[in-house]
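Protein sequence lines correspond, in order, to chains A and B. Here the first sequence is numbered in our numbering, starting from 784 and rising by one per residue. Here the second sequence is numbered in our numbering, starting from 14 and rising by one per residue. For glycine and all other residues, C-beta sits at the position ideal for the given N, C-alpha and C. What follows is one structure encoded as structure tokens, with my remarks underneath.
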Amino acid sequence: MPAPEATRDGLDKEFWEAAKRHELVVQKCNSCGTFQFGPEWICHKCHTLDLGWHRVSGRGRVYSWERVWHPAHPALKSACPYIVVVVELPDAGNVRMVGNLLGDPMREVEFDAPVEAVFEDHPEGFSLIQWKLA
Amino acid sequence: MACYHHAQFNPRAIMYGRPLTREAYDESRWIVEPFHLYDCCLENDGAAAVIVTSAERARDLKQKPAYVMASAQGSDFRQGAAAENGPDYATSNFKTLAPRLYAMAGIEPNDVDVAQVYENFTGAVMTSIVEHGFCHPDEVMDFCTFENLTAPNGKLPINTSGGNLAECYMHGLELIIEAARQIRGTSTCQVKDAEISMVVSGPMVAPVSDLILRG
Numbered sequence: 784m785p786a787p788e789a790t791r792d793g794l795d796k797e798f799w800e801a802a803k804r805h806e807l808v809v810q811k812c813n814s815c816g817t818f819q820f821g822p823e824w825i826c827h828k829c830h831t832l833d834l835g836w837h838r839v840s841g842r843g844r845v846y847s848w849e850r851v852w853h854p855a856h857p858a859l860k861s862a863c864p865y866i867v868v869v870v871e872l873p874d875a876g877n878v879r880m881v882g883n884l885l886g887d888p889m890r891e892v893e894f895d896a897p898v899e900a901v902f903e904d905h906p907e908g909f910s911l912i913q914w915k916l917a
Numbered sequence: 014m015a016c017y018h019h020a021q022f023n024p025r026a027i028m029y030g031r032p033l034t035r036e037a038y039d040e041s042r043w044i045v046e047p048f049h050l051y052d053c054c055l056e057n058d059g060a061a062a063v064i065v066t067s068a069e070r071a072r073d074l075k076q077k078p079a080y081v082m083a084s085a086q087g088s089d090f091r092q093g094a095a096a097e098n099g100p101d102y103a104t105s106n107f108k109t110l111a112p113r114l115y116a117m118a119g120i121e122p123n124d125v126d127v128a129q130v131y132e133n134f135t136g137a138v139m140t141s142i143v144e145h146g147f148c149h150p151d152e153v154m155d156f157c158t159f160e161n162l163t164a165p166n167g168k169l170p171i172n173t174s175g176g177n178l179a180e181c182y183m184h185g186l187e188l189i190i191e192a193a194r195q196i197r198g199t200s201t202c203q204v205k206d207a208e209i210s211m212v213v214s215g216p217m218v219a220p221v222s223d224l225i226l227r228g
């Protein structure tokens, strides 16, 4: 499967760089303080172009989840089943992120269950953000 | 189940001659929980086309025309953000569009005789039905019964050719064609005297679109 990489336009470069440092960052407007993710060129609230990145705790809660049984890519054949979660980040304006929930894939997942980010380093030179129950 | 039922009358449908039982549906493998195999649309090759022309030119054409009563495209606030960050996460995305569509057509939901409702996955069909005012969210399980959703006598027959689940997956274009057939009276699951025929596009994306045809 192709390795994830920052987009050529550099918009999400800081996110991937931070992940390598085991830091979770979210885009934040320097003008009005609004968080947004994935990163955009313009603040959706006040429309300024002056955007930066803000380090957050990496703690969140499960907003939604699903259990995947069908490998959408051959490389995922041995990975199924696995659980995908949408995680809400209370310290980043409740912005949400998608990731895998590590651990027993057959476990029951509760809405609002507390989770924390796990940084998974890959030899190809990138780090993925996964989640585990806190 | 309604889609597979309708496909059994449609010789063009991929699932023609391959009826689906409730047991086979329940026992089919998971794709992504909560969706089983038969909750997901087909994948197939194919082609479809629609001719759009003026009412004046349509008069001289061989087929009975279906007139565009209303068509609308749009989405809700921030639905252009990454899918997981739309503030209204579980919407089909028709909450602002559907009222605009009905206003344009000058009709109410209960005026609709037959609808083609895009099913990439079954779950969002229910949300689409609710957001188009066919029933209240609390009533959706009672509304979405086999009897209500099937032609010729259902309250709101949907996907009368078999739809994305059982006719073919032409990315919804086949739904527009079926909506026109209902106006012409040439559907293989014809709704009697269908005058107002609706098409609801793929849900949960931005933008979404709607179409209402009339005879």
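{"query": "Compute the distance between the beta-carbons of A:Ala-917 and A:Arg-850, then report whether it is under 8 Å.", "result": "no"}
{"query": "Given this structure, state the Cα-to-Cα distance separating A:Ile-825 from A:Thr-831, to the nearest angstrom.", "result": "6 Å"}
{"query": "Evaluate B:Asn-57 with the Cβ neighbour count: other Cβ atoms within 10 Å of its Cβ, from every protein chain shown; 16 or more gives buried, anything less gives exposed.", "result": "exposed"}
{"query": "Which residues, in order along the stretch 44-57 of chain B, keep a beta-carbon less than 7 Å from a beta-carbon of chain A?", "result": "Ile-44, Val-45 and Glu-46"}
{"query": "Taking the alpha-carbon positions, what's the B:Leu-74 to A:Lys-796 distance?", "result": "57 Å"}
{"query": "Would you call the stretch 856-875 of chain A in contact with the stretch 902-910 of chain A, where contact means no fewer than 3 C-beta pairs closer than 8 Å?", "result": "no"}
{"query": "Counting only beta-carbon atoms, is B:Asn-98 nearer than 8 Å to chain A?", "result": "yes"}
{"query": "Give the interface partners of A:Phe-820 over in chain B, defined as CB-CB distance under 9 Å, in chain order.", "result": "Ala-94, Ala-95, Glu-97 and Asn-98"}
{"query": "Would a check of beta-carbon distances place B:Tyr-102 closer than 8 Å to chain A?", "result": "yes"}
{"query": "With a cut-off of 8 Å, do at least 3 Cβ pairs link the stretch 208-224 of chain B to the stretch 92-110 of chain B?", "result": "yes"}
{"query": "Would you say B:His-19 and B:Thr-163 are within 8 Å of each other, going by their C-beta atoms?", "result": "yes"}
{"query": "Please identify the residue among A:Trp-848, A:Arg-890, A:Glu-903 and A:His-853 whose C-alpha is closest to the C-alpha of A:Met-880.", "result": "A:Trp-848"}
{"query": "Should B:Val-63 and B:Leu-186 be called a contact, given that it needs their Cβ atoms to be closer than 8 Å?", "result": "yes"}
{"query": "Using the Cα positions of B:His-184 and A:Glu-806, report the straight-line distance between them to the nearest angstrom.", "result": "41 Å"}
{"query": "Taking CB distances under 8 Å as the criterion, tell me whether A:His-827 reaches chain B.", "result": "yes"}
{"query": "Between which two residues does the beta strand (DSSP E) carrying A:Asn-883 extend?", "result": "878-884"}
{"query": "Measure the C-alpha to C-alpha separation of B:Glu-160 and B:Ile-27 and round it to an integer number of angstroms.", "result": "23 Å"}
{"query": "So if DSSP puts A:Ile-866 in a beta bridge, which residue, or which two residues, is it bridged to?", "result": "A:Arg-850 and A:Leu-884"}
{"query": "When the cut-off is 8 Å and only beta carbons count, does A:Val-839 lie next to chain B?", "result": "no"}
{"query": "On the DSSP letters alone, give me the boundaries of the beta strand (DSSP E) that B:Gly-59 sits inside.", "result": "Careful: B:Gly-59 lies outside any beta strand (DSSP E) and carries neither H nor E."}
{"query": "In the DSSP assignment, the alpha helix (DSSP H) including B:His-149 goes from what residue to what residue?", "result": "Run containing B:His-149: none; DSSP gives neither H nor E here."}
{"query": "Cα separation between A:Asp-792 and A:Phe-820?", "result": "16 Å"}
{"query": "Note down, in chain order, each residue of its chain lying with its Cβ closer than 6 Å to the Cβ of A:His-905, except the 5 sequence neighbours on either side.", "result": "none"}
{"query": "Looking only at its chain, what residues have a beta carbon closer than 8 Å to the beta carbon of A:Val-869, apart from the 5 residues adjacent to it on each side?", "result": "Val-845, Tyr-846, Ser-847, Trp-848, Arg-879, Met-880 and Val-881"}
{"query": "Please list the partners that A:Glu-788 has in chain B, where partner means a Cβ-to-Cβ separation under 8 Å.", "result": "Going along chain B, no residue has its Cβ under 8 Å from A:Glu-788, so there is no contact; the nearest lies around 18 Å."}
{"query": "Nearest chain A C-beta to B:Arg-91 closer than 8 Å, yes or no?", "result": "yes"}
{"query": "Under a Cβ-count criterion, where at least 16 other Cβ atoms within 10 Å of its own Cβ denotes burial, should B:Arg-227 be classed as buried or exposed?", "result": "buried"}
{"query": "Pull out every residue of the stretch 844-857 of chain A whose Cβ sits closer than 8 Å to any Cβ of chain B, in chain order.", "result": "Tyr-846, Ser-847, Glu-849, Arg-850, Val-851, Trp-852 and His-853"}
{"query": "Please identify, using Cβ separations under 8 Å, the residues of the stretch 876-901 of chain A that lie next to chain B, in order along the chain.", "result": "Val-878, Arg-879, Met-880 and Val-881"}
{"query": "Measure how close the beta-carbons of A:Lys-803 and A:Thr-817 come, nearest whole angstrom, since I'm counting them as under 8 Å.", "result": "That belief does not hold up - the Cβ atoms of A:Lys-803 and A:Thr-817 are roughly 26 Å apart, past 8 Å."}
{"query": "Does any residue of chain A have a CB that is nearer than 8 Å to the CB of B:Arg-42?", "result": "yes"}
{"query": "Under 7 Å Cβ-Cβ, which residues of chain B neighbour A:Val-869?", "result": "Glu-97"}
{"query": "Return helix, strand or coil for B:Val-138, following the three-state DSSP convention.", "result": "helix"}
{"query": "For a test of the three-state rule: what should DSSP assign to A:His-905, helix, strand or coil?", "result": "strand"}
{"query": "Just how far apart, CA to CA, sit B:Asp-151 and B:Leu-110?", "result": "21 Å"}
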